[in-house]
Each structure stands twice: as structure tokens, then as C-alpha cells.
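*Asks:*
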Amino acid sequence: MCGIFGMIGANAVANTLQALKYLEYRGYDSAGIAAKQADGIRIYKSEGRIHNLEKLLKNSVENNADSSFSGTSGAGYVESEIAIGHTRWATHGAVTTANAHPFYSPDGNFAVVHNGIIENYLALKKQFTSRGAVFTSETDSETVAYLLQNNYNGNTLQAVCATAKSLVGAFAIAVTTTYDNSLYAIKNKSPLVIGVSDVGVYLCSDIRCVSHWATKVAVTPDNTVVVVGKEGVRFYDFEGKPITVRFFTTDAAEEMEQVDGDFMLKEIFEIPEKIRLTQEGYFKNGGFGVEPERVRNISRIYLIGCGTAYNSGLQIAAVARKFLDVDVLPVIASEFIYDNYPVDGNTLAFFISQSGETADTIRAAENFNSLGGYSYAVTNTKASSLCFACKKVAYIYAGGEFAVASTKAYNCQLVTLLLLTLDVGRIRGTVSNEQYASVLRALTGIPSVIEEVLSHSYEISRIAETVKDSSAVFYIGRTTDYPTACEGSLKLKEISYIHSEAYPAGELKHGTLALMEENVTVVAITDGTLSDKMASSINEVATRGAKVISVSPQTFPNALSVTLPKVNTLLYGIVSVVPLQLLAYYVAKRLGRDVDKPRNLAKSVTVE
Ligand code: AGP
């Protein structure tokens, strides 16, 4: 949902470009870089993917369009020691070069990039247009550049603080200026990590990205202005009063790898290894830190997240209801914020987020804390904003996930949440040592079971051929299979753009059966426990012309079968989702979609 990066140090443009490639998962509508030169700030921006920006930078040097620049990099484009960059996921204004960041102030003395939403931008814009200003874009972000110029009175820090004070909303903003050789940043509710190394200082939306260069990082708190200079980093509140922010060494660095094929397929094939790592992490640390005194008296557990993370909560709520004696309720984060779910000192909530930066989930955690509940982050990203918003953190061990469609993180979330809820059950005495040992034994075997499923991926690929021309695809399941249906459906729609819905199988006959006809596909998921009921559902849709694919340890007469090994029913969802992830991938490939970067989406949704 937009990524920003800024750097002071050698080869700032080349490094910013490299960072933008990493940050492209946050938005890929357009990209841009502002490079500070002796004679002013130069902005390069282009619609579409980063490689368009890279071409633009190279062409500008080859065509000698920028002979005034102080130098070119080994990579063949303009260089600078100070640069800021942006990848955009459009919120305000169409996907055009004009709406791409960075933006100049009217006098060209400031350039800004922004991640987030300036909620009062219309009022701000009006202040300037009423005085005759003509904005170059439709964005909310350009107002920041106008404010900076307007507030500048010989002191850049003062101008930045005054600008920060007039903004309402969520923002991580980086500013470069002709007035001095520092970078400035403003942070409220959108992620901003500051990094330092021997050769440079950096600011960035993503800790994994900045850790590629930085040896020490600081996570910027809300309502902070940052001044990044060659001589170091200083933090201020919006009144300009210095504040202290702790730097720490980080092991969050992730190889900025390139893959020959698609990240999504690579990430699906990593699932067995990552599940093993998650289990190892649990054993190595003696659990994920469930505190007996916290959970003995709880009366309710919420599992809260968005999209795939919500689906993992939905799945584990259904599983944990089988062995816990308290209410276990999955809730969509954006709904939790504005509804009246009961919370008190005996309420525990797991906030689930791969990125740890999803605004809805963070806001929900903040609300939950303010009502006195005990919050627990379940995330794949160390030192992400969610970690600071919650009282406890359990990391999943999925490793960097780059495809917008989440896959391995889902499986690892399931394993982590299962282990967390089993620990709650052991403490409360509803899970015996024998039950616990038996589930753990079964869990240890899950990676090999998934390897076996993956070894049949070509069969799923063949089935994809029969699904790709469907007018709609419905996924059905009961109890613990229903969340898997939801996740399978979400995967398919987000990357293939085929209309898809998930239903509890028994619910079809209450309305949705009206949609069954030829060209509709139904994917029926069952672990085998309610297979008679599923057989009836399959017959009902098949007699109305729908094509049926079953995902089950058993086969059904009217369905094309994906036959899975039999596993403990508490663990079945960790396995049965894998063929659905593959199916979505192969259908999307057959339709020629960009599976890693589907239209209209971004991996990390940092606005509400
Ligand atoms: C998953 O395939 C999606 N792209 C999306 O639903 C995602 O899971 C959701 O936005 C939540 O992200 P998070 O886990 O980073 O919070």
C-alpha cells in the first residue's frame, strides 16, 4: 500500500531503485525517485512497474537530457548522495504518471513521497487553490509539498513540524529539500523504519528491506518528525521537541532475491520447510509464550485479522472449539473496530497479520487494548507495527513472502495458532498430555504429507484447465472445512479474477443453488467426517449442471477427485488448502494473469 525509501550515502539512486524493487509488493501502479543534485532536485517517475522507472532513468542519461547532473552510476543512470523513492498503490487519483510520487513544492525546493492517506487533504487543497494554486495531481499527497513551501521560513525542521501538525490521517512521508543536505520524515500510523550503517542512513516502510543495508534500525513512533543527516539521526515530536528512540541491531534482513518463475509457486513449495521451522521455533523457545496466569481466567478468545489472516483465525476458531472451554470467535479486523464486541480483562485476542502492518488489524488491536483486553500479535514480521500495538508477540516462521496472494504464511499461521490454543487448553486442563502429544506427533508428519500433495501438482494443473473458463467457482465445506473453502475462494478470485464465493455446504440450498448451471464449478472440501452430507450437497449441485471437484481423502461419484492422505482432523486444513492454492495458481497462469502482482491489490494494506 505504497512503499517509501530514502537514503543519504553513495549511490543513493541505485540503492533507492533496488529498494523500490523490494518494496514493489506494497504497490505497483507507478514508481518514482527524487534525486538531489547541486543545482536542485530532479524527479523521475513513471506509470506501471519499477522496470519502467529504471528505463526512464537510463534513457534520461543516454539522451543527455540531464547533462547538468553531477554524475552517473555504474548502473548507467543519474547518481546522487541523497534520494527518496516511492512505489504507489493508488488511493486518490487514477494510475497516471501525473499522480505518481514524488511531488515538488511549487517552487521546487521540496520533494515529497507519502504512504498513507491525508484525510483532510480537500480542506488543505482548498486553502491553496483559493489563492490561485494549480495542483499537478489528483492526490492527497501533493498537499504536503505545498504545505512545506508555505511553512518554510528559513528553518526546515520548523517547516516540517508545522506541516506535520496540519495533517490528519495516516502518513509516512519523506522529504528532500534544496535548503540543506538532510532528509526529513513525518510519521503517524503508517510504518517508518530508520536504518544506519557505516556507509549511509536510510528511511523505509519495511524493516526487512532496510535491514539489507542497515546494521541498526529504529522503529519510528507515531507523531514523530525525523531528521536524517550524514552526521546521524534525530527524532522530534511535532512541536520540535527532541525525543529519544532506541536503535537495535536486526536480523530481519531478507535476501532481495529474484526468482526465475513466480514467487507464489515458489512460496507454495516452501510450505513443508516453513512448517518444520515453525514447529522447531515452538520447541526451541519452549512454546510461543502463553502465560498461565493470563489464560487461566479468560472467558473469551478472539482471532482477529483480514483476508487470509482472518481465514486462518476462522479455521483455528473452528478447530479450537473442539478442545477449549471458552468462546472462541473469529472477527474481521475492520468490523471489530466499529462494532461492539465485548472485551474485558478476561478477554484474550490473537491479532493475526503476515506483514504486521495491516492498518485495520493494528487499529483493532489498539481498540481492544483500550478496553482492557490482553492482545497477542501473531505475525511474520519482526518489529512490525503490530508487535508494538500488542502486549505479546508470537512470530511465525514463514520467511519473506512476496507474492501478493498469501500462501505459506497461511499454513504457518495455522500451525502457530493451533499450538497457541493447544497451550491455552493445557493450562486450562481441557487438553490432556496424551491429546497434546498425539496432536504434536501428527503435526510432525504434516510437512511430509504436504510434500506428497505437492508431488501431484501436475494433476492440479490439469484440473485447472477444466476450471479456467468457469463463469463462477463456489467453494463449499462444513465446520473446519468451511474456512478452507473461504481461503481457496479468496486465492482464486484475487489472482484469476474469476467470480468466486465460499459457503458452508449446508447453506447452498437456502438460496445459492439458484446460481448452479453449466459453466459453474463447485469445489467441495471435506476431511471425511461429514462425507454423507457432502455427498448430498455434491449431488444437488451436479444435477443442476455444475462441475464438481472434491478435495477429500475419499472420492465421490459425481466429482472429479483430488484425493488427499488421511490426517488428524484438527490438522486437515493445513493440508487441504494446498491443492486449492495450487489450483488458484494454475488457473491464473492459464488465464495469463500476473499471479504475483494481481490487479488492484497490494500485499500490505496500510490504510483503513
Ligand atoms: C492474501 O492472499 C491477501 N492478499 C490478503 O487477504 C491479506 O491476507 C490481508 O490483506 C492481510 O494481510 P496481513 O496478513 O499482512 O495482515
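If you read the sequence shown in my numbering, its first letter stands for residue 482, the second for the next number, and so on. Ideal Cβ positions, reconstructed from N, Cα and C, are used throughout, including at glycine.
#1: If you reduce the DSSP assignment to three classes, tell me which class residue 616 lands in.
#2: Within 10 angstroms of its Cβ, does residue 748 collect 16 or more other Cβ (buried), or is it exposed?
#3: Within 10 angstroms of the Cβ of residue 878, are there 16 or more other Cβ atoms? Answer buried if so, exposed if not.
#4: For residue 657, which beta-bridge partners are listed by DSSP?
#5: Can you find the residues in the same chain that come closer than 6 angstroms, C-beta to C-beta, to residue 1032, ignoring five residues on each side of it along the sequence?
#6: Could you spell out where the alpha helix (DSSP H) holding residue 486 opens and where it closes?
#7: Is the CB-CB distance between residue 587 and residue 614 below 8 angstroms?
#8: Beta-carbon within less than 8 angstroms of residue 494's beta-carbon, same chain only, minus the 5 sequence neighbours each way: which residues are those?
#9: Return yes when at least one heavy atom of the ligand AGP lies under 7 angstroms from the C-beta of residue 871, else no.
#10: Would DSSP call residue 964 helix, strand or coil?
#11: Rounded to the nearest angstrom, how far is the Cβ of residue 1065 from that of residue 973, given a contact under 8 angstroms?
#12: Are there three or more Cβ pairs, one per stretch, closer than 8 angstroms when the segment 819-833 is compared with the segment 771-787?
#13: For residue 610, which of 600, 623, 599 has the nearest alpha-carbon?
#14: Evaluate residue 540 with the Cβ neighbour count: other Cβ atoms within 10 Å of its Cβ, from every protein chain shown; 16 or more gives buried, anything less gives exposed.
#15: Please give the ranges of any beta strand (DSSP E) in the segment 496-541, keeping only runs that are unbroken, at least 3 residues long and fully inside the region.
#16: Following a CB-centred definition, is residue 460 positioned closer than 7 angstroms to any heavy atom of the ligand AGP?
#17: Under the three-state reduction of DSSP, which class applies to residue 1067: helix, strand or coil?
#18: Looking at the unbroken beta strand (DSSP E) that takes in residue 811, where does it start and where does it end?
#19: Out of 1051, 932, 821, 914, point me to the one whose CA is closest to residue 895's CA.
#20: What is the DSSP secondary structure of residue 690, counted as helix, strand or coil?
#21: Can you tell me which of 482, 522, 531, 1088 puts its alpha carbon nearest to the alpha carbon of residue 814?
#22: Taking residue 522 as the reference, which of 679, 1001, 657, 731 has the closest Cα?
#23: Is residue 519 near residue 585, with beta carbons less than 8 angstroms apart?
#24: Just the C-alpha distance for residue 774 and residue 905, rounded to the nearest angstrom, thanks.
#25: If you draw a straight line from the C-alpha of residue 690 to the C-alpha of residue 654, how long is it?
#26: On the DSSP bridge assignment, give the partners of residue 752 in chain order.
#27: Report the CB separation of residue 843 from residue 870 in whole angstroms; it is logged as a contact under 8 angstroms.
#28: Go to residue 779, then tell me how far its alpha helix (DSSP H) extends in each direction, as first and last residue.
#29: Which value, in whole angstroms, describes the spacing of the CA atoms of residue 667 and residue 645?
#30: For residue 1069 and residue 933, I'd like the C-alpha separation in whole angstroms.
#31: Taking contact to mean 3 or more Cβ pairs, one atom from each stretch, closer than 8 angstroms, check whether the segment 954-972 and the segment 1005-1025 are in contact.
#32: Determine the extent of the alpha helix (DSSP H) in which residue 896 is found, giving its start and end residues.
#33: Is residue 1014 helix, strand or coil by DSSP?
#34: Classify residue 489: buried if its beta carbon has 16 or more other beta carbons within 10 angstroms, exposed otherwise.
#35: If you pair each beta-carbon of the segment 942-957 with each one of the segment 916-930, do three or more pairs fall below 8 angstroms?
#36: Can residue 824 and residue 854 be called in contact, C-beta distance under 8 angstroms?
*Replies:* In brief:
#1: coil
#2: buried
#3: buried
#4: 592, 664
#5: 1006, 1043, 1057, 1060
#6: That residue, residue 486, is in no alpha helix (DSSP H); its beta strand (DSSP E) goes 484-490.
#7: yes
#8: 514, 516, 538, 554, 558, 559, 560, 561, 564
#9: no
#10: helix
#11: 4 angstroms
#12: yes
#13: 623
#14: exposed
#15: 511-518, 521-528
#16: Because residue 460 is not part of the residues shown, which for the chain are 482 to 1089, the question remains open.
#17: helix
#18: 808-813
#19: 1051
#20: helix
#21: 1088
#22: 657
#23: no
#24: 11 angstroms
#25: 17 angstroms
#26: Residue 752 is not bridged to any residue.
#27: 5 angstroms
#28: Per DSSP, residue 779 belongs to no alpha helix (DSSP H) and is neither H nor E.
#29: 6 angstroms
#30: 23 angstroms
#31: yes
#32: 889-909
#33: helix
#34: buried
#35: no
#36: yes
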